[in-house]
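Note that my numbering has the sequence shown beginning at -10, numbered continuously upward. Note that the Cβ used here is the ideal one computed from N, Cα and C, for glycine as well. Bear in mind that the values here come from a model prediction, so they are computed numbers and not experimental data. Have a look at the structure below, then the notes.
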Amino acid sequence: MTVGSRVPTFCQGIQYFGNTIPGFDAAFDQYGQQPAIAKRDVPSIALGQNAIPSPEDPAAVFQTLLAADALRYLTLHITASKSSGHPGGFASIADGIAALVMLGYKNIITEVGHHAPGFYSNMFLDGSLEEMGIKTVEQMGERFREMHGLLGHLSGQIPGLLNPAGPLGQGQHFAMAGALLHPGVLFPVTIGDGGLGEPYVMSSFGHFSTAYPQVTNFLPILVWNGYSQEHHSMVSTKSNQEMIAYWQGNGFQEVILINAKDYDDADQPGEYVDSTEFSLQKRLEFTQGVLEATDKAAKSALSGKLTVLIVKQLKGAGVHKRGAKA
């Protein structure tokens, strides 16, 4: 594919531009010409500002899909630049991260150290990494796993990021602390289904909620992709109802599950599927489903209910390899 001079400077370093899928050009002409998040004359960080008008807005849905795929590409690029890192886990939650950003919830925390390249990619897209002199895709790859650069596991010293991540089962502590210190502000935290096998996750939620039952403005987001780094995750064999019951049994009043399998028109086998294999129409439907589920979960957590959002999608969705080694 020939790339014209209209490609912006920050794209310098992108080595591969794929062919568009059927229907993409028409959708881009209709929904990609103006930003779905309207520019405002006065910048504001107040809740609800700098967000899409509705999770059902077609332009917002299309641009959320674009953001998710951009996150996948950048995550794959940054790991390939040093032949190091794990793009697959983050790839399965890229739609959820894009939805949070588009809805205006950007205080995103994680307990998954291997998701670092994805979180760095998110900070690159919003311009935060420019504080480190990282302004192009090429520079981001050069600075990955370098001293004074983008560390292999998540660093809270990176502009735009709120916490370090490495040991599994630890990130929720930062989210709960943020929620306690900043009432009315949402602190989403992604939790891998491998990390869910650690005892700290549920026990910490239980202890915190017992001590501070009024604080619910943190939102666990379970990345249910079926695999940990070496094998199937411990919870991979649970049915959807069993997973919902598990969280309910641990005190969560609102359990919201979005399952990519419900949108699959590519006849993929198994309980875990890759949404990037869907037709464009089904991809847009899934993206809207993620936006609506995320919006509902965020509002529930901010209204006083202990809430969890579960996103079920195959590990490695949209990247070169799927499963445990993705």
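message: Assuming the contact rule is C-beta atoms closer than 8 Å, Gly77 and Lys304 should be a hit. Round their C-beta distance to whole Å, please.
response: Indeed, because the Cβ distance is near 5 Å, the residues count as touching under 8 Å.
- prompt: For Gln242, which residues from the same chain have a beta carbon less than 6 Å from its beta carbon, with the 5 sequence-adjacent residues on both sides left out?
  reply: The answer, listed in chain order, is Lys294 and Leu295.
field: Phe133 versus Leu65, Val178 and Gln230, residue with shortest Cα-Cα distance
entry: Ranking the options by Cα distance to Phe133, first place goes to Leu65.
query: Could you give the uninterrupted runs of the beta strand (DSSP E) lying entirely in the region 228 to 281, keeping only those of 3 residues or more?
result: Fully enclosed beta strand (DSSP E) runs of 3 or longer: 243 to 248.
task: Pull up the distance between the alpha-carbon of Ala181 and that of Ala105, whole angstroms please.
output: It is Gly, not Ala, that sits at residue 181 in the sequence shown. Their Cα atoms are separated by approximately 13 Å.
message: Starting from Thr205, trace the alpha helix (DSSP H) in both directions and tell me its first and last residue.
response: For Thr205, there is no enclosing alpha helix (DSSP H), as DSSP gives it neither H nor E.
- request: Starting from the N-terminal side, write out each stretch of the beta strand (DSSP E) that is 3 residues or longer and does not extend beyond the region 103 to 150.
  value: Scanning the region 103 to 150 from its first residue to its last, no whole beta strand (DSSP E) run of 3-plus residues comes out.
message: Give the list of continuous alpha helix (DSSP H) stretches no shorter than 4 residues that lie fully inside the region 165 to 203.
response: Listed in chain order, they are 189 to 200.
query: If we call anything under 8 Å between Cβ atoms a contact, is Ile316 one with Leu246?
result: As displayed, the chain neither begins before -10 nor continues past 315, which places residue 316 out of reach and without an answer.
field: Touching by the beta-carbon criterion (3+ pairs, under 8 Å), the region 92 to 103 and the region 150 to 159
entry: Per the Cβ contact rule, the region 92 to 103 is in contact with the region 150 to 159 (3 or more Cβ pairs under 8 Å).
message: Is it the case that the region 118 to 134 contacts the region 82 to 94, given that we only count it when at least three CB pairs across the two stretches are under 8 Å?
response: No contact exists between the region 82 to 94 and the region 118 to 134.
- request: Over the uninterrupted beta strand (DSSP E) stretch that includes Ile86, give me the two end residues.
  value: Under the DSSP assignment, Ile86 falls outside any beta strand (DSSP E), being part of the alpha helix (DSSP H) whose first and last residues are Ala83 to Met91.
- request: Taking all protein chains shown into account, decide if Pro44 is buried (16 or more other Cβ within 10 angstroms of its Cβ) or exposed.
  value: A residue is called buried once 16 or more other Cβ atoms fall within 10 Å of its Cβ, and Pro44 is buried on that count.
query: Where do the N-terminal and C-terminal ends of the beta strand (DSSP E) with Thr296 fall, by residue?
result: Thr296 to Lys301 is the extent of the beta strand (DSSP E) around Thr296.
message: Using a 10 Å radius around the Cβ and a threshold of 16 neighbouring Cβ atoms, would you call Leu140 buried or exposed?
response: Classification for Leu140: buried.
- request: Measure the CB-CB distance between Gly2 and Gly130 and report whether it falls below 8 Å.
  value: Remark: C-beta atoms of Gly2 and Gly130 approach each other more closely than 8 Å.
task: Give the DSSP bridge partners of Leu211, in chain order.
output: Beta-bridge pairing links Leu211 to Ile180 and Ile299.
query: Nearest CA to the CA of Leu273: which residue from Ala249, Ser225 and Gly259?
result: Its Cα nearest to that of Leu273, the residue Ala249 stands out among Ala249, Ser225 and Gly259.
query: Where do the ends of the alpha helix (DSSP H) carrying Leu63 lie?
result: Note, Leu63: alpha helix (DSSP H), Pro47 to Ser70.
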